[in-house]
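Undergrad: One structure coming up, written as structure tokens, with questions to follow.
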Amino acid sequence: MPLSHIFVSKHRKVIFTSNLVIQDITNIPLVSGSYFVKWRLKNGEPSAGQTDKLQIKDHGVVWNEYITTSTEIIINKHHVLSPCDWKLEIYQEQPGVGSVPIGSLLINLSEYATSGPITKRFLLDECKFNSFIKIAIQMTQVAGSEEYTVPPMVKAQRLPDNPMATCNNHGPDAQDDPSLP
Numbered sequence: 006m007p008l009s010h011i012f013v014s015k016h017r018k019v020i021f022t023s024n025l026v027i028q029d030i031t032n033i034p035l036v037s038g039s040y041f042v043k044w045r046l047k048n049g050e051p052s053a054g055q056t057d058k059l060q061i062k063d064h065g066v067v068w069n070e071y072i073t074t075s076t077e078i079i080i081n082k083h084h085v086l087s088p089c090d091w092k093l094e095i096y097q098e099q100p101g102v103g104s105v106p107i108g109s110l111l112i113n114l115s116e117y118a119t120s121g122p123i124t125k126r127f128l129l130d131e132c133k134f135n136s137f138i139k140i141a142i143q144m145t146q147v148a149g150s151e152e153y154t155v156p157p158m159v160k161a162q163r164l165p166d167n168p169m170a171t172c173n174n175h176g177p178d179a180q181d182d183p184s185l186p
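Just so we're aligned, residue 6 is where the sequence shown starts under the working numbering, counting upward by one.
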């Protein structure tokens, strides 16, 4: 628990069990090397970790890395959940070169607090090529007040599970995948 949370009253703290899955990364134009993801979670326990280093196959890497954390989020004075940032950094490891960052992603888990299970593909930030990472998120409240609102989803690179789908909300490709794998 961060030091800043010690002085916050109990009725403003909400505790969630966060089930997170780093599923895969696609659209990598390279054909060799090992890839892995380092992650950090603000206000979570555990608060950091890393996937296995896996070889690229067919321009993608599949991890299916399951992460379960206990996450404490503060309700601000406007009764909105404060940000709870989950930072992912994707690296390529090459012999003789070491680890080279290929992209990153910052997700505010507070935006998903009441959405149920959701699976999305996100376009990586700071990436030289248009690679997508597939993430599954499920937040379940286990303690604290239920009198709060969730901040709106503001990430512009949020995409449906099918990266080739149009964003016109017609047909099954435009819908979120409601289940965790």
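Note that beta-carbon positions come from the ideal geometry of N, C-alpha and C, so glycine has one too.
#1: So what's residue 183 in DSSP terms, helix, strand or just coil?
#2: Counting along the chain, where does the beta strand (DSSP E) carrying residue 111 start and finish?
#3: Whole angstroms are fine: how far does the CA of residue 78 sit from the CA of residue 85?
#4: From residue 50 to residue 92, what distance separates their C-alpha atoms?
#5: Helix, strand or coil, according to DSSP, for residue 153 in the structure here?
#6: According to DSSP, which residues form a beta bridge with residue 39?
#7: Looking at residue 23 and residue 158, is the spacing between their C-beta atoms short of 8 Å?
#8: Among the residues of its own chain, which have a CB less than 6 Å from the CB of residue 95, if the five just before and after it don't count?
#9: Does any residue of chain D bring its CB to less than 8 Å from the CB of residue 76?
#10: State the Cα-Cα distance for the pair residue 21 and residue 147, rounded to the nearest angstrom.
#11: Could you tell me whether the stretch 60-73 touches the stretch 27-36, where touching means 3 or more Cβ pairs closer than 8 Å?
#12: Can you tell me whether residue 152 is buried or exposed? The criterion is at least 16 other CB atoms within 10 Å of its CB, across all chains shown.
#13: Would you mind giving the Cβ-Cβ distance between residue 13 and residue 149, rounded to the nearest angstrom? I have them listed as a contact below 8 Å.
#14: Looking at the strands, I want to know which residues DSSP matches up with residue 50.
#15: Can you give me the Cβ contacts of residue 184 inside the same chain, cut-off strictly under 8 Å, excluding the 5 residues immediately before and after it?
#16: Sort 61, 70, 47 by Cα distance to residue 55 and report the nearest one.
TA: According to the data block:
#1: Residue placement at residue 183 cannot be trusted, given a pLDDT of 44 that sits under 50; the coordinates are not used to answer.
#2: Run containing residue 111: 103-113, per the beta strand (DSSP E) assignment.
#3: Taken atom to atom, the span from the alpha-carbon of residue 85 to that of residue 78 is near 10 Å.
#4: Rounded to the nearest angstrom, the gap between the Cα atoms of residue 50 and residue 92 is 14 Å.
#5: Here residue 153 sits in coil by DSSP.
#6: Paired residues: 60, 98.
#7: Contact check for residue 158 against residue 23 fails: the beta carbons are separated by 8 Å or more.
#8: Cβ within range, chain order: 42, 107, 108.
#9: Of the chains in the structure shown, none is chain D; there is only one protein chain.
#10: Spanning the alpha carbons of residue 21 and residue 147 requires a straight line of approximately 5 Å.
#11: Yes, since at least three Cβ pairs between the stretch 60-73 and the stretch 27-36 fall closer than 8 Å, the two stretches touch.
#12: Counting the other CB atoms within 10 Å of its CB gives residue 152 a total below 16, which places it among the exposed residues.
#13: The Cβ separation is near 11 Å, so there is no contact.
#14: For residue 50, which the question treats as bridged, DSSP gives the partners 75.
#15: Bear in mind that a pLDDT of 48 at residue 184, under 50, signals an unreliable position, so the number given afterwards is only what the model happens to contain. Counting only Cβ-Cβ distances below 8 Å, and skipping sequence neighbours, we find 122, 124.
#16: The shortest C-alpha separation from residue 55 is found at 70.
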